[in-house]
Every structure is written in structure tokens, then in C-alpha cells.
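Below: the structure, in C-alpha cells.
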């Protein structure tokens, strides 16, 4: 058993948990250890027996966790040691007995790097009934399974403009911020444990709302909230210089980015997460071309030689000017995605619910896909969940259909359904038809094709009128329309 002692803290000694110790030259019994030692000899190794062991190490701090795992030659933390010892008899019959290899390679290994312990989520959101809505039992269910593939920690509400996606996110936020208010007004979350329903007010410890629309209706602050709440977006959250709710200036957005980056850089765990997020986004070549990793070089170059408040103040101002200058050179899409993700790294703690309203508005498709993957990685690290309102099939193809709710509206009535086809990795054209159906056929290029069928006798005449500028799908649709006309 590992116990941590500290003479400077009244809460210690702290029980970390059970671990097992092995050695290369031992097959049975307990390997001998000196009464005192700085670290295990090279032929020794160890493994925590439960995820709570690594969780308790994380609670003490990143520095102690890292030093302890190195000193104890932990095989979940060090893959080279694990590969070297996993076939030893003492490893199989003692050290890893009762511990699945998948736990070692996934949950335990993640936690040795400071990540949160993953738990399964199974919760519902009961929508409030709108005036005149005759539907009943309108409930959205959400299930997140740790280590699932595809990941299940991002859920999507998709549908046409005006069906109520953004309104639903806003109601979700209010139901968590103000749980004592009427559920009939904002709806309510509940958890599902077997057949037993429990109030879901404390299902999450943290709520983050993200919207870069000038017309979003998220609360900007929640001083009387019963959980931690953060708004990330374009609107001002204070009345300094302009009324609350008015759009932020470009200078304010650049300063927001600098503040979030500095907050992340001041904590080693958040620095690690931010670097991982940026590396994931760099899969988009245009984003990689901006060289975002130079931000960390700027941070190092501005650290003062002497540790005084005056020196740090001067260094911080120089760093702010350089970072803001770099930030303003980016495209609006790159600005928004960096501002969003640095803020999310700063404010996403364990068991955070992130609500995102139409993030695709400023991003091209490859960057949308990279953003969703980066967000999923961050949520995995923090054991969090996101719910995204969108009308983008690019986002839809990044999540499985079990994580998708399609919203439709017929007058005052709202219907909710799952897609009939698997969505993860599906063609965006197929997804567009699946979600929007006949609505697409009545809009856009479809209407021009239908006009051509009315105006011309044959496919060839119509093609000539279009100067041959039709894609393969449009040509196929046009042929089918003429075939139907000529029957």
C-alpha cells in the first residue's frame, strides 16, 4: 500500500491505494526492499491495482505524481518497462492478476499523465413543452461509454434552421444554472441508473456555453448559479467600455486569447492539454501553416531573468503585445477556433458539460473535422461531455448515429428521432439527404434542374443550356427527372 506523508499539510497522511511489486528474478513471494530508498532498483517494477490509485496521485499534484511513478517504475506509466516485463511469470500471476490489460493501456495510462478517471454517463434531458405543442414525452437521451470507438463523448442536435436547436441548448443551460426554477419553463436533466431515476442537477460540476453568433441567447454570467458556469463567445460579459451583451472588439478578442493562453501556460497539465489540442488541429494544413506552436516559444522568450512583480509585469505586457499581433494576423476562422479551444482548455474541468451552438459558422470543412476531434480528445482527458447544435453534415460524420438527434418541427410540434443510417464516416451528401430529405430537393441546385426539365425536351438539351457545368450527381438527378417526365 502506498501512503503519502507531508509535514506541511494537516490532511496528510493520505492513502494512495494498493500497488503490487515485481522483480525480474522473482517468481513467487514478495521481492525484498530496503527500509528506505530513493527509487526502485532497475530490476523492480510496480502497478497500481485500481484507477483510484492513480486518481489519488493526481490529486496530490502533477510533480509528485510524475516523480512517484518514475521512482516506483510504474508499468502503466512506462510502456518500455511494461513491454519488457509483461510476459514474466510474476507479472502474470501476481502484479497484473485481476487487472485487465486494456485497463493498463487505456484508463491507467491516461491517468498517469494527469487525465481524469473516465466514467460512463447515462442521462436524459426532458424538454419543456412549448405553447400549442401537442406532442408528449419529448426526451433526449445521452450515453457516453469510456474508451468507446468511435468516441461517444460528443452528441449532436441537427436539423433545419428554425427547428429549435439553439433554443434547446439555451434551455439546457438554464435548467442546470437555475435548477430550482420550474422544469416546465426550462426542462430538466435526470440521470438513469438501471430503472431508478435521480435528479440530475449535480450530474455535472461545470458548464461551459460556446457561441460565436451575435444573436445567441446564452446567459453571459450566472452569479447565483449552483454550479460553475462560463460563457465563451462574441458578446461582452461586463459593462466596461460598452453595455453587457454588445459585441467584443477585435482587440478584446485578442486580449481574451492572450489571457486564456497565459492561464493554460501557468499550469503544466493545461499546457500539456493545449499542446495536444494544437497538434490535433494541425492535421489541417492551413492551420499548421500558421505555426501555432510558436506561441510556446514566445512564452519562454518573455520570461524575466529575475522573479519580481515588476519584472513579470513588464514581461507579461511584452508577451501580450507579441501574441495579440500574431493573433490578429490569423483568419477569422483560425482566430475563433484558437480562442474557443484555449478557453475550453482553461475552463474544462472534470465532469464538464460543453454546449456549442453551430461552431461550423466560421470554419471550412477540414478544420471543422479537426476541431471536433480535438474537442473529443480534450473531453476524454477531462471526463466531460459536449452537446453540439449544428446543421453541418461534416460534424455529423464525426459522430456515430447513437450520438445524434434529428430535430424536426411541424408547426408548434417538435419531433425527435435518430438517423436511420450510420453517420460516422458517411458521405456528406448521403447525410444531407438523410437529415434534410425532400427539403433539399426543393432548394438550391435542385430547383434549377426541375426548371430545366420543364423547359427542355431532353437531357442533352438541358446539358447544353447548362454549358455542361453539372457534376455527376446533378447529371444523375437530371436523367432521373427526365425519365420520370417521359414515362
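Numbering (UniProt numbering), first residue to last: 1 to 487. Even for Gly, the Cβ is constructed at its ideal location relative to N, Cα and C. All figures in this text were calculated on a predicted structure; none of them were measured in a lab.
*Cutoff 6 angstroms; reference residue 469; Cβ partners in own chain excluding five residues on either side*: Within the chain shown, residue 469 is the residue found at index 469, counting from 1. For residue 469, same chain residues with a beta-carbon under 6 angstroms away, outside a window of 5 residues either side, do not exist.
_residue 37 classed as buried or exposed, judged by whether at least 16 other C-beta atoms fall within 10 angstroms_ = Counted from its first residue, the chain shown places residue 37 at position 37. By the neighbour-count rule (16 or more Cβ atoms within 10 Å), residue 37 is not buried but exposed.
_Just verifying my parser: in three-state terms, what is the DSSP assignment at residue 391?_
Your numbering for residue 391 matches position 391 in the chain shown. Here DSSP, grouped into helix, strand and coil, assigns residue 391 to coil.
*residue 277 to residue 341 span [Cα, whole Å]*: Sequence index remark: in the chain shown, residue 277 carries index 277 (1-based). Sequence index remark: in the chain shown, residue 341 carries index 341 (1-based). The alpha-carbon atoms of residue 277 and residue 341 are separated by roughly 8 angstroms.
*Sufficient close CB pairs (3 or more, under 8 angstroms) joining the region 303 to 313 to the region 156 to 167*: Here the region 303 to 313 does not lie against the region 156 to 167, with fewer than 3 beta-carbon pairs under 8 angstroms apart.
*Using CA coordinates, which residue listed in 270, 407, 263 is at the minimum distance from residue 382?*
Counted from its first residue, the chain shown places residue 382 at position 382. That would be 270, whose Cα lies nearest to the Cα of residue 382.
*Separation of residue 357 from residue 478, as counted between CA atoms*: On the chain shown, position 478 is the one that residue 478 refers to. On the chain shown, position 357 is the one that residue 357 refers to. When the Cα atoms are used, residue 478 and residue 357 turn out to be separated by approximately 36 angstroms.
*Cβ-based burial, residue 42 [other Cβ within 10 Å; buried from 16]*: Working through the chain shown from its first residue, we reach residue 42 at position 42. With a threshold of 16 other beta carbon atoms within 10 Å, residue 42 falls short and is exposed.
*Taking Cβ to Cβ, would you say residue 232 is nearer than 8 angstroms to residue 208?*
Numbered from 1 along the chain shown, position 232 holds the residue referred to as residue 232. Numbered from 1 along the chain shown, position 208 holds the residue referred to as residue 208. Their beta carbons are under 8 angstroms apart, which means residue 232 touches residue 208 by this criterion.
*Could you check what DSSP says for residue 155 in three-state terms: helix, strand or coil?*
Looking up residue 155 in the chain shown gives position 155. Strand.
*residue 113: buried (16+ other C-beta within 10 angstroms of its C-beta) or exposed?*
If you number the chain shown from 1, residue 113 lands on position 113. Taking every protein chain shown into account, the CB of residue 113 has 16 or more other CB atoms within 10 angstroms, so this residue is buried.
*Where does residue 401 sit, in a helix, a strand or coil, going by DSSP?*
Within the chain shown, residue 401 is the residue found at index 401, counting from 1. The answer is helix: DSSP assigns residue 401 an H, G or I state.
*Three or more beta-carbon pairs under 8 angstroms between the region 141 to 155 and the region 384 to 393, yes or no?*
Inter-segment contact for the region 141 to 155 and the region 384 to 393 is present: three or more beta-carbon pairs are separated by less than 8 angstroms.
*How about residue 392 and residue 406: do their beta carbons lie closer than 8 angstroms?*
For the purposes of this step, residue 392 is identified with residue 392 of the chain shown, where counting begins at 1. For the purposes of this step, residue 406 is identified with residue 406 of the chain shown, where counting begins at 1. No Cβ-Cβ contact shorter than 8 angstroms links residue 392 with residue 406.
*By Cβ distance below 6 angstroms, which residues in the same chain neighbour residue 139 in space, the five residues on each side in sequence not counted?*
Taking the chain shown and counting its residues from 1, the one referred to as residue 139 is at position 139. If you ignore the 5 residues before and after residue 139, its C-beta comes within less than 6 angstroms of the C-beta of 124, 126, all in its own chain and listed in chain order.
*Pick helix, strand or coil for residue 333, following the three-state DSSP scheme.*
Translated into the one-based positions of the chain shown, residue 333 becomes position 333. In the structure shown, residue 333 adopts helical secondary structure according to DSSP, grouped into three states.
_Alpha carbon of residue 203 to alpha carbon of residue 56, nearest angstrom_ = Here residue 203 refers to the residue found at position 203 of the chain shown. Here residue 56 refers to the residue found at position 56 of the chain shown. Spanning the two alpha carbons is a distance of roughly 21 angstroms.
_Looking at the secondary structure, which residues open and close the alpha helix (DSSP H) in which residue 323 lies?_
The sequence position of residue 323 within the chain shown is 323, counting from 1. Per DSSP, residue 323 belongs to the alpha helix (DSSP H) from 309 to 328.
*Contact between the region 251 to 259 and the region 274 to 293: three or more CB pairs below 8 angstroms?*
The region 251 to 259 vs the region 274 to 293: no contact.
*Could you tell me if residue 483 is buried or exposed, where buried requires 16 or more neighbouring beta carbons within 10 angstroms of its beta carbon?*
Residue 483 sits at position 483 when you count from the first residue of the chain shown. By the neighbour-count rule (16 or more Cβ atoms within 10 Å), residue 483 is not buried but exposed.
*Pairwise C-alpha distance: residue 115 and residue 492*: Nothing can be reported for residue 492, as the shown portion of the chain is limited to 1 through 487.
*Would you mind stating whether residue 120 and residue 145 have Cβ atoms separated by less than 8 angstroms?*
Counting from one through the chain shown, the residue named residue 120 turns up at place 120. Counting from one through the chain shown, the residue named residue 145 turns up at place 145. Note that the C-beta distance between residue 120 and residue 145 is below 8 angstroms.
*For the region 37 to 89, which segments carrying the alpha helix (DSSP H) assignment without a break, of at least 4 residues, lie completely within its bounds, in sequence order?*
The region 37 to 89 contains these whole alpha helix (DSSP H) runs: 51 to 60, 62 to 71, 79 to 85.
*asked:* Under DSSP, the alpha helix (DSSP H) around residue 112 begins and ends at which residues?
replied: Here residue 112 is taken as the residue at index 112 of the chain shown, counted from 1. From DSSP, the alpha helix (DSSP H) with residue 112 extends over 109 to 112.
*Of all the CB atoms in chain D, is at least one closer than 8 angstroms to the CB of residue 138?*
Among the chains in the structure shown there is no chain D, since it carries only a single protein chain.
*Can you grab the Cα-Cα spacing for the pair residue 434 / residue 409, in whole Å?*
Taking the first residue of the chain shown as position 1, residue 434 is located at position 434. Taking the first residue of the chain shown as position 1, residue 409 is located at position 409. Distance between the alpha carbons of residue 434 and residue 409 is about 16 angstroms.
*Output the residue ranges of the alpha helix (DSSP H) runs that lie fully inside the region 221 to 266 and measure 4 residues or longer, sorted by chain position.*
Qualifying alpha helix (DSSP H) stretches, in chain order: 250 to 265.
*Run through DSSP, which three-state label would residue 118 get?*
The residue you call residue 118 lines up with position 118 of the chain shown. DSSP places residue 118 in coil when its eight states are reduced to three.
*Could you give the C-beta distance for residue 162 and residue 108, rounded to a whole number, given that I count them as a contact under 8 angstroms?*
Against the chain shown, residue 162 aligns to sequence position 162. Against the chain shown, residue 108 aligns to sequence position 108. Contact annotation, residue 162 with residue 108: C-beta distance approximately 47 angstroms; criterion of less than 8 angstroms not satisfied.
*Cα-Cα separation, residue 481 to residue 428*: By one-based count along the chain shown, residue 481 stands at place 481. By one-based count along the chain shown, residue 428 stands at place 428. Distance between the alpha carbons of residue 481 and residue 428 is about 22 angstroms.
*From the DSSP output, which residues share a beta bridge with residue 21?*
In the chain shown, the residue the question calls residue 21 occupies position 21. In DSSP, residue 21 forms a bridge with 46.
*Could you tell me how far apart the beta carbons of residue 173 and residue 355 are, in whole angstroms, since I believe they sit closer than 8 angstroms?*
What you label residue 173 is simply residue 173 of the chain shown in a count that begins at 1. What you label residue 355 is simply residue 355 of the chain shown in a count that begins at 1. Residue 173 to residue 355, Cβ: 6 angstroms. Contact.
*asked:* Alpha carbons only, please: which of 66, 411, 364, 390 is nearest the one belonging to residue 404?
replied: One-based indexing of the chain shown puts residue 404 at position 404. Checked all of 66, 411, 364, 390; the closest Cα to residue 404 is 390.
_Reference residue 370; option with closest CA among 262, 399, 24, 33_ = Walking along the chain shown from the start, residue 370 turns up at place 370. It is 399.
*Taking DSSP as the reference, what is the three-state secondary structure of residue 138?*
In the chain shown, residue 138 corresponds to position 138, counting from 1. In the structure shown, residue 138 sits in coil (DSSP, three-state: anything other than H, G, I, E or B).
*asked:* My output table needs one value for residue 26: the three-state DSSP class, helix, strand or coil.
replied: Position 26 of the chain shown holds residue 26. It is coil, neither helix nor strand.
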